[in-house]
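Colleague: Okay, handing you the structure first.
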Amino acid sequence: MQRWNGWGDESVTYALSEEALAFLGERLGPGSGMLDATLDEACAQVPASRLAPHPLIDTLPATRVRHSLGQSLPDWFKLRHGRIGVVPDGVAFPDSPLQVRQLLDHARQACVAVIPHGGGTSVAGHLTVAAGARPVLALSLLRLSALGHLDREAQLATFGAGVYGPDLEAQLRAHGYTLGHYPQSFEYSTLGGWIATRSSGQQSLRYGRIEQLFAGGEVETPSGTLTIPTFPASAAGIDLREMVLGSEGRLGILTQATVRISPLPPYEAFHAVFFADWGQAQAAVRVLAQSRLPLCMLRLSNALETQTMLTLAGHKKLVGLLERYLSLRGCAQGKCMLMLGVSGEAKPARAALRSALALARRHKGVHVGRHMGDKWKQGRFRNVYLRNGAWEHGYVIDTVETAVDWPRVTAMMAALEQAGTNALAAHGEQVHAYTHLSHVYAQGASVYTTYVYRLAPTYEDNMARWRSLKDAACAAIVANGGTISHQHGVGTDHAPWLAAEKGELGIAAMRALFRQVDPQGMMNPGKLLPDVEGPL
Numbered sequence: 307m308q309r310w311n312g313w314g315d316e317s318v319t320y321a322l323s324e325e326a327l328a329f330l331g332e333r334l335g336p337g338s339g340m341l342d343a344t345l346d347e348a349c350a351q352v353p354a355s356r357l358a359p360h361p362l363i364d365t366l367p368a369t370r371v372r373h374s375l376g377q378s379l380p381d382w383f384k385l386r387h388g389r390i391g392v393v394p395d396g397v398a399f400p401d402s403p404l405q406v407r408q409l410l411d412h413a414r415q416a417c418v419a420v421i422p423h424g425g426g427t428s429v430a431g432h433l434t435v436a437a438g439a440r441p442v443l444a445l446s447l448l449r450l451s452a453l454g455h456l457d458r459e460a461q462l463a464t465f466g467a468g469v470y471g472p473d474l475e476a477q478l479r480a481h482g483y484t485l486g487h488y489p490q491s492f493e494y495s496t497l498g499g500w501i502a503t504r505s506s507g508q509q510s511l512r513y514g515r516i517e518q519l520f521a522g523g524e525v526e527t528p529s530g531t532l533t534i535p536t537f538p539a540s541a542a543g544i545d546l547r548e549m550v551l552g553s554e555g556r557l558g559i560l561t562q563a564t565v566r567i568s569p570l571p572p573y574e575a576f577h578a579v580f581f582a583d584w585g586q587a588q589a590a591v592r593v594l595a596q597s598r599l600p601l602c603m604l605r606l607s608n609a610l611e612t613q614t615m616l617t618l619a620g621h622k623k624l625v626g627l628l629e630r631y632l633s634l635r636g637c638a639q640g641k642c643m644l645m646l647g648v649s650g651e652a653k654p655a656r657a658a659l660r661s662a663l664a665l666a667r668r669h670k671g672v673h674v675g676r677h678m679g680d681k682w683k684q685g686r687f688r689n690v691y692l693r694n695g696a697w698e699h700g701y702v703i704d705t706v707e708t709a710v711d712w713p714r715v716t717a718m719m720a721a722l723e724q725a726g727t728n729a730l731a732a733h734g735e736q737v738h739a740y741t742h743l744s745h746v747y748a749q750g751a752s753v754y755t756t757y758v759y760r761l762a763p764t765y766e767d768n769m770a771r772w773r774s775l776k777d778a779a780c781a782a783i784v785a786n787g788g789t790i791s792h793q794h795g796v797g798t799d800h801a802p803w804l805a806a807e808k809g810e811l812g813i814a815a816m817r818a819l820f821r822q823v824d825p826q827g828m829m830n831p832g833k834l835l836p837d838v839e840g841p842l
């Protein structure tokens with residue numbers, strides 16, 4: 307059973323070790339847990355539905371609560387404190403594109419707003435229900451999850467857009483293929499959600515971001531069906547795929563998507579390399595990215611994230627031995643860890659690995675083998691459960707991410723960490739902030755910063771701390787020339803800063819596009835563009 311007020315499966319836990327708790331206590335002070343609201347208490351707040359009865363729509367309070375919010379920190383505060391706010395008036399569960407079409411026609415005729423719902427993993431406010439006069443329908447796509455067609459010759463696969471990551475990979479694996487798209491939310495996020503928010507997977511260096519993988523599909527809009535055929539390439543005007551990618555539900559409902567797949571790799575390996583300091587590490591990663599070696603992943607942690615990861619790993623004696631060995635090799639205080647991955651046919655993959663490690667050695671990197679890489683791969687979708695474990699001990703975890711060209715990477719990292727420190731200091735609190743480059747390109751890199759700080763006793767104080775942190779971090783991103791989102795999308799949380807990136811004309815063009823297919827403004831109102839309920 308999926309948690310209604312936290313991340314993932316209720317049966318999976320991530321317990322913090324005594325060393326981890328001592329580490330956090332030393333930096334932030336002791337945390338104090340709080341008594342979370344129950345699902346029954348949340349359901350008791352749900353008002354009567356404003357929707358007329360419909361055979362495909364569930365109006366039970368528990369169903370509506372479970373489809374009201376995502377996984378952002380303010381979403382958690384609302385759920386855990388029992389301050390749910392506005393919930394959808396009902397949740398629809400169509401099992402075919404035809405039923406999606408019928409539901410959209412029904413919603414248009416009844417003047418109902420529609421919020422697409424996939425896995426509910428948004429961390430940017432994509433699922434927030436705005437207060438307004440119109441009833442709101444959450445439209446779940448989880449029953450649209452089957453592999454409809456597999457073209458082995460073209461290496462294309464067509465799925466229902468509501469397919470979860472693990473189900474998608476399982477269906478492909480049965481035929482000897484993979485999509486290779488592994489965001490950290492992989493277990494509970496969906497193909498349609500990846501496309502709508504321009505997701506990036508952990509091994510995008512080999513397989514590509516979702517925009518490289520999305521080949522075509524069908525979108526049910528309020529004005530009709532938009533069909534996007536597949537081509538290997540086209541010069542026929544504007545690429546319709548680009549209208550759908552990152553549209554965050556404002557165009558309509560993506561019902562099926564065709565994606566570019568790859569044969570299952572017979573060989574895959576992840577290795578750890580340490581560098582004495584950030585300067586050496588970043589220089590090495592930039593050279594590796596620009597070398598065009600066929601790697602699948604380069605993930606670089608700064609010194610504080612490296613220290614945090616080693617502390618949270620447990621195995622104190624083994625980590626101690628590693629630390630002593632690295633110290634002898636010149637990697638002591640300030641050391642940074644690079645996780646390097648290869649995937650594909652064994653011979654070329656091993657050759658790429660040897661070349662990458664040789665480049666790392668030229669930058670004084672210390673290779674420690676693949677044991678840490680194997681552990682990382684085993685737990686890469688489990689680490690997100692740390693948010694649940696930290697909450698139980700009175701700590702919250704939030705993240706921001708951006709992308710910049712290489713000359714701006716270090717300045718952006720410092721600015722984001724300092725922004726968090728300053729924001730929490732205004733509330734008399736400390737923050738444990740650390741950063742990694744989760745995706746790298748020849749041009750630049752993503753910069754992904756994590757903030758850990760103490761939970762406040764009240765809902766109002768928690769929201770105030772988060773608001774200060776989010777505002778400061780987003781202002782730092784804009785000031786340092788970064789995109790407001792590299793992989794999480796815009797939603798409502800990042801919408802106020804979108805104009806700084808797109809400009810007045812760009813925002814106007816987006817509004818015009820949405821108005822063309824959705825003249826009533828019924829599709830996911832308020833997301834992406836900071837507008838109000840009603841016609842665009």
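Just so it is clear: in the sequence shown, position 26 is 332 by the working numbering, and no numbers are missing.
Beta carbons: idealized from backbone N, C-alpha and C, even for Gly.
Go through its chain and collect everything with a Cβ distance to residue 640's Cβ below 8 angstroms, but skip five positions before and after it.
Modeller: Counting from 1 along the sequence shown, the entry for residue 640 is found at position 334. Correct list, in chain order: 582, 583, 584 and 609.
Colleague: Would you be able to state if there are at least three C-beta pairs under 8 angstroms between the segment 757-765 and the segment 336-352?
Modeller: Yes, the segment 336-352 is in contact with the segment 757-765.
Colleague: Spatial neighbours of residue 405 within its chain, please: CB distance less than 7 angstroms, with the 5 preceding and 5 following residues excluded, ordered by chain position.
Modeller: Walking along the sequence shown from the start, residue 405 turns up at place 99. 362, listed in sequence order.
Colleague: Taking 8 angstroms as the threshold (C-beta atoms), are residue 830 and residue 421 in contact?
Modeller: Translated into positions along the sequence shown, residue 421 becomes position 115. Translated into positions along the sequence shown, residue 830 becomes position 524. A contact, by the Cβ cut-off of 8 angstroms.
Colleague: Is DSSP giving residue 832 helix, strand or coil here?
Modeller: Position 526 of the sequence shown holds residue 832. If DSSP states are grouped into helix, strand and coil, residue 832 belongs with coil.
Colleague: Identify every run of the alpha helix (DSSP H) within the segment 561-643, keeping only runs that are complete inside it and at least 4 residues long; order them along the chain.
Modeller: The qualifying runs are 584-596, 609-618 and 622-634.
Colleague: Would you mind giving the Cβ-Cβ distance between residue 372 and residue 313, rounded to the nearest angstrom? I have them listed as a contact below 8 angstroms.
Modeller: If you number the sequence shown from 1, residue 372 lands on position 66. If you number the sequence shown from 1, residue 313 lands on position 7. Between residue 313 and residue 372 the Cβ distance is about 14 angstroms, and since that is not below 8 angstroms, they are no contact.
Colleague: Take residue 849 and list the residues in its own chain whose beta-carbon comes closer than 6 angstroms to its own, dropping the five residues that flank it on each side.
Modeller: The structure shown has nothing for residue 849, since the chain only spans 307 to 842.
Colleague: Are residue 394 and residue 374 touching if we call contact CB-CB under 8 angstroms?
Modeller: Along the sequence shown, read from residue 1 onward, the residue named residue 394 stands at position 88. Along the sequence shown, read from residue 1 onward, the residue named residue 374 stands at position 68. In contact: residue 394 and residue 374 (Cβ atoms closer than 8 angstroms).
Colleague: Check the C-beta distance from residue 710 over to residue 750 and give it rounded, since I have them as a contact under 8 angstroms.
Modeller: As a first step, residue 710 must be located in the sequence shown, where it is residue number 404. As a first step, residue 750 must be located in the sequence shown, where it is residue number 444. Right, their Cβ atoms sit about 5 angstroms apart.
Colleague: Let me check one thing: in DSSP terms, what residues is residue 443 bridge-paired to?
Modeller: By one-based count along the sequence shown, residue 443 stands at place 137. DSSP output for residue 443 lists 396 and 420 as bridge partner(s).
Colleague: Assign residue 544 to one of two classes, buried (16 or more other C-beta atoms within 10 Å of its C-beta) or exposed (fewer than that).
Modeller: In the sequence shown, residue 544 corresponds to position 238, counting from 1. The residue in question, residue 544, is exposed, as its Cβ has fewer than 16 Cβ neighbours within 10 Å.
Colleague: Helix, strand or coil for residue 463 per DSSP?
Modeller: Within the sequence shown, numbered from 1, the residue matching residue 463 stands at position 157. Residue 463 falls in the strand class under three-state DSSP.
Colleague: In or out: residue 307 buried (at least 16 other Cβ within 10 Å) or exposed?
Modeller: As a position in the sequence shown, residue 307 is number 1, starting the count at 1. Answer is exposed; the Cβ neighbour count stays below 16.
Colleague: Decide yes or no for the touch test of the segment 782-796 against the segment 527-547: beta carbon pairs closer than 8 angstroms, at least 3 of them.
Modeller: Taking 8 angstroms as the limit for Cβ pairs, the verdict is that the segment 527-547 does not touch the segment 782-796.
Colleague: Under three-state DSSP, which class holds residue 515?
Modeller: Within the sequence shown, the letter at position 209 stands for residue 515. Of the three classes helix, strand and coil, the one that applies to residue 515 here is coil, per DSSP.
Colleague: With respect to the alpha helix (DSSP H) encompassing residue 496, which residues constitute its N-terminal and C-terminal limits?
Modeller: Here residue 496 corresponds to residue number 190 of the sequence shown, with the count starting at 1. That residue, residue 496, is in no alpha helix (DSSP H); it is neither H nor E in DSSP.
Colleague: Where residue 727 and residue 444 are concerned, what is the direct C-alpha to C-alpha distance, given to the nearest angstrom?
Modeller: The residue you call residue 727 lines up with position 421 of the sequence shown. The residue you call residue 444 lines up with position 138 of the sequence shown. Spanning the two alpha carbons is a distance of roughly 37 angstroms.
Colleague: Under three-state DSSP, which class holds residue 352?
Modeller: In the sequence shown, the residue the question calls residue 352 occupies position 46. Three-state result, residue 352: coil.
Colleague: Should residue 535 go down as buried or exposed, given a rule of 16 or more other Cβ atoms within 10 Å for buried?
Modeller: Translated into positions along the sequence shown, residue 535 becomes position 229. Under this definition residue 535 is an exposed residue.
Colleague: When DSSP labels each residue in this structure, what does residue 727 get in the three-state scheme?
Modeller: Position 421 of the sequence shown, counted from the start, is the residue given in the question as residue 727. Here residue 727 sits in helix by DSSP.
Colleague: Can you name the residues that DSSP bridges to residue 456?
Modeller: Working through the sequence shown from its first residue, we reach residue 456 at position 150. DSSP lists 463 as partners of residue 456.
Colleague: Are the CB atoms of residue 414 and residue 736 nearer to each other than 8 angstroms?
Modeller: As a working note, residue 414 is residue 108 in the sequence shown. As a working note, residue 736 is residue 430 in the sequence shown. Their beta carbons are not under 8 angstroms apart, which means residue 414 does not touch residue 736 by this criterion.
Colleague: Across the segment 617-625 and the segment 561-572, are there enough close Cβ pairs to call them in contact, namely three or more that are closer than 8 angstroms?
Modeller: Counting Cβ pairs under 8 angstroms, fewer than three are found: no touch.
Colleague: Which parts of the segment 702-767 are runs of the alpha helix (DSSP H), unbroken and 4 residues or longer, counting only runs that do not cross its ends?
Modeller: 715-731, all fully within the segment 702-767.
Colleague: Which of the three DSSP states, helix, strand or coil, is assigned to residue 649?
Modeller: Stepping through the sequence shown from its first residue, residue 649 is reached at position 343. Three-state DSSP puts residue 649 in a strand.
Colleague: Determine the closest residue to residue 611 out of 766, 353 and 753, with distance taken between C-alpha atoms.
Modeller: To locate residue 611, count along the sequence shown from 1; it is residue 305. Per the Cα distances, 753.
Colleague: May I ask you to list the residues that DSSP assigns as paired with residue 520?
Modeller: Mapped onto the sequence shown, residue 520 falls at position 214. In the DSSP output, where bridge partners are listed per residue, residue 520 has 565.
Colleague: Is the CB-CB distance between residue 731 and residue 778 below 8 angstroms?
Modeller: Walking along the sequence shown from the start, residue 731 turns up at place 425. Walking along the sequence shown from the start, residue 778 turns up at place 472. For residue 731 and residue 778, no; Cβs fall outside 8 angstroms.
Colleague: When you compare only the Cα positions, how much space is there between residue 811 and residue 820?
Modeller: On the sequence shown, residue 811 is found 505 positions in, with the first residue counted as 1. On the sequence shown, residue 820 is found 514 positions in, with the first residue counted as 1. About 14 angstroms.
Colleague: With residue 647 and residue 509 assumed to form a contact (beta carbons below 8 angstroms), what rounded beta-carbon distance in angstroms separates them?
Modeller: Residue numbering aside, residue 647 sits at position 341 when the sequence shown is read from its first letter. Residue numbering aside, residue 509 sits at position 203 when the sequence shown is read from its first letter. Right, their Cβ atoms sit about 7 angstroms apart.
Colleague: Is there contact here, the segment 737-746 with the segment 686-699, by at least three beta-carbon pairs under 8 angstroms?
Modeller: Short answer: they don't touch.
Colleague: Which parts of the segment 772-801 are runs of the beta strand (DSSP E), unbroken and 3 residues or longer, counting only runs that do not cross its ends?
Modeller: Complete beta strand (DSSP E) runs here, min 3: none at all.
Colleague: For residue 339, list the residues DSSP reports as bridge partners.
Modeller: Working through the sequence shown from its first residue, we reach residue 339 at position 33. Bridge partners of residue 339: none, in fact.
Colleague: Given this structure, state the Cα-to-Cα distance separating residue 343 from residue 380, to the nearest angstrom.
Modeller: Taking the sequence shown and counting its residues from 1, the one referred to as residue 343 is at position 37. Taking the sequence shown and counting its residues from 1, the one referred to as residue 380 is at position 74. In a straight line, the C-alpha of residue 343 is about 15 angstroms away from that of residue 380.
Colleague: Measure how close the beta-carbons of residue 425 and residue 488 come, nearest whole angstrom, since I'm counting them as under 8 angstroms.
Modeller: Here the question's residue 425 lines up with position 119 in the sequence shown. Here the question's residue 488 lines up with position 182 in the sequence shown. Not really, about 14 angstroms apart at Cβ, beyond 8 angstroms.
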